[in-house]
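24 is the number of the first residue of the sequence shown in my numbering; add one for each residue after it. Virtual Cβ for every residue (Gly too), placed ideally from N, Cα, C. Quick caveat: nothing in here was measured; it's all calculated off a predicted structure. To keep things clear, I will list the structure first and then write my remarks on it.
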Amino acid sequence: MPTESTADATPEEMPREPPRWLKPTLYIGAGLAILIVVVGLLGRVFASQAVKTWTSTQAVPIVQVIHATEDTGSQSLVLPGAVQAFYDASIHARVNGYLKRWYLDIGAPVKAGQLLADIDTPELDQQLVQAKADLATAVANQRLAQTTATRWTGLLTKDAVSQQETDEKTGDLAAKITIVNAAKANVERLEALEGFKRIVAPFDGVVTSRTTDIGQLIAAGAPADPGLFTVSEVNRLRIYVEAPQSYSAELKPGMTAMLTVPEHPGQAFQAALVTTSNAVSVQSGTLQVELQIDNASGQLKPGDYAQVSFALPASTTTVRVPASALMFRQKGLAVATVGPNNRVVIKYVTIGVDQGPFVDLAAGLGVSDRVIDNPPDSIGAGDLVRVASAAAPGANAAKGS
């Protein structure tokens, strides 16, 4: 019979095993967690790479590409010209005095030798009177010396006087003759000055200025003397043009040019090239060209500002680009072009003609080159660039033509 302690004891509990579905669930959860971590890491790597790629792409400058044009035909050279009278004389007084009267005003046509004004010269008149009196005295002294010398020469033949005394009388006669000649020259000088009391026109023309009036003090040879009148021949005119050195070999006498002035819009006048200076100015690097034009109609005026157009044959093939494509570098004038692999190639060029908004290049660039318009100042050879769009060949280069 069992005891009480044995009767109260409970059977030992057996350990419970986990459900069969738990382990697979744990593995799946761990795998999912690892997958999420891996996906997140990969996303961050790809995002970082995308940012780097975008940043690198944005760092490459975007450029506008244009194409130059080739010019092989005739070219027009337009230069400013200064219109001047064929003859132009500022008339100054040669004697001191006061203006007595003037006869012609500005715009009046004149003939050579025509009287323009009279000058009153009281001091000069008195000097002439005195000079004539001095001449009369000198002539009287000469006659007396002549008589004396003749007498003493006759007495010398009779041994009545000495040779020394005769030589003295003869020498005195020679001195008196010299005094007479000097007095005559002084009278003639003053008479010539008297002729300058009459202000006359030096040639046929027009009075273009008058800077005097009745009663005005005339001081001949004053440093600030503006002159009394200006007479200009306006039936023929000269036009002076400063041509660039690059055209000095093409501008030759016998050529013709067309002239335009602001007061006659739409009207052109033909002028003939008569000569050049045959020397290039050191200061401006230009050749002075003289043209002449018949102005019998009087439509053109001296002092006009004119535009002179020369039609020149193209001696060489030139490449034209807009001025905005030029860069100024230490080695000289340059143009940035896009080469292989979108890398920048710097080409140094030589300007043939500067036309303002565009330039004709004589060397350094070809029409097949892809030219960068408005290149950044920081651009350099070998830089990577992105081409925004390619303009039609010569589209931008011809803007100024």
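{"Check": "For G120, the nearest candidate out of L216, E211, D377, R343 (CA to CA)", "Outcome": "L216"}
{"Check": "Cβ neighbours of T373 in the same chain (closer than 8 Å, five flanking residues each side left out)", "Outcome": "L356, L384, A385, A386, G387"}
{"Check": "Coarse secondary structure for R343, derived from DSSP in three states", "Outcome": "strand"}
{"Check": "Which of helix, strand or coil DSSP assigns to A105", "Outcome": "strand"}
{"Check": "Bounding residues of the beta strand (DSSP E) (the contiguous stretch that carries G228)", "Outcome": "228 to 233"}
{"Check": "Euclidean distance between Cα positions of T298 and Q87", "Outcome": "46 Å"}
{"Check": "N- and C-terminal bounds of the alpha helix (DSSP H) containing G120", "Outcome": "It is not in any alpha helix (DSSP H) - G120 instead sits in the beta strand (DSSP E) that spans 120 to 125."}
{"Check": "G439, DSSP secondary structure in three states", "Outcome": "Any property of residue 439 remains undetermined from this structure, which presents the chain solely from 24 to 424."}
{"Check": "Closest by C-alpha distance to S255, when choosing among Q98, P132, F381", "Outcome": "P132"}
{"Check": "Classification of L251 by the beta-carbon crowding that lies within 10 angstroms, buried from 16 upward", "Outcome": "buried"}
{"Check": "8 Å contact criterion, which K123 and L158 should meet: CB distance rounded", "Outcome": "Wrong, their Cβ atoms sit about 27 Å apart, outside the cutoff."}
{"Check": "Three-state secondary structure (DSSP) of R366", "Outcome": "strand"}
{"Check": "Contact between the segment 321 to 333 and the segment 285 to 304 (3+ Cβ pairs under 8 Å)", "Outcome": "yes"}
{"Check": "Inside the segment 179 to 230 only - beta strand (DSSP E) runs reaching at least 3 residues", "Outcome": "221 to 223"}
{"Check": "Local Cβ density within 10 Å of A161, reported as buried at 16 or more and exposed below that", "Outcome": "buried"}
{"Check": "Beta carbon proximity, G289 to chain B, threshold 8 Å", "Outcome": "Absent here is chain B; the protein component of the structure consists of one chain."}
{"Check": "Nearest-angstrom Cα separation, counted from F109 out to F226", "Outcome": "11 Å"}
{"Check": "Same chain, Cβ closer than 7 Å to S307, five either side skipped, listed in chain order", "Outcome": "E265"}
{"Check": "Nearest residue (CA-CA) to D396, options D148, G389, D406, A411", "Outcome": "A411"}
{"Check": "Helix, strand or coil at D396 [DSSP, three-state]", "Outcome": "strand"}
{"Check": "For Q153 and A247, the rounded distance between their alpha carbons", "Outcome": "31 Å"}
{"Check": "Top-ranked residue by Cα proximity to G379, from V344, S391, M281", "Outcome": "V344"}
{"Check": "C-beta atoms of W220 and T144 nearer than 8 Å", "Outcome": "The sequence given here has Lys at residue 220, not Trp. Yes; because the gap between Cβ atoms is below 8 Å, this pair is in contact."}
{"Check": "Contact under 8 Å by Cβ, L127 with V230", "Outcome": "yes"}
{"Check": "Cβ shell of I85 (< 6 Å), same chain only, five flanking positions each side left out", "Outcome": "R409, A411"}
{"Check": "Coarse secondary structure for L55, derived from DSSP in three states", "Outcome": "helix"}
{"Check": "Proximity test, I129 beta-carbon vs the ligand FMN heavy atom, cut-off 7 Å", "Outcome": "With respect to the ligand FMN, the structure offers nothing, as it holds no ligand at all."}
{"Check": "Cross-strand partners of P336 (DSSP beta bridge)", "Outcome": "Its beta-bridge partners do not exist; DSSP assigns none."}
{"Check": "Minimum C-alpha distance to S112 - residue among E286, V257, A346", "Outcome": "The amino acid at residue 112 is misidentified as Ser; the sequence shows Ala. Ranking E286, V257, A346 by Cα distance to A112 puts V257 first."}
{"Check": "C-alpha gap between A413 and Q98, whole angstroms", "Outcome": "Caution is warranted here: a pLDDT of 47 is assigned to A413, below 50, making its placement in the model unreliable, and no coordinate value can be reported."}
{"Check": "For E265, the first and last residue of its enclosing beta strand (DSSP E)", "Outcome": "252 to 267"}
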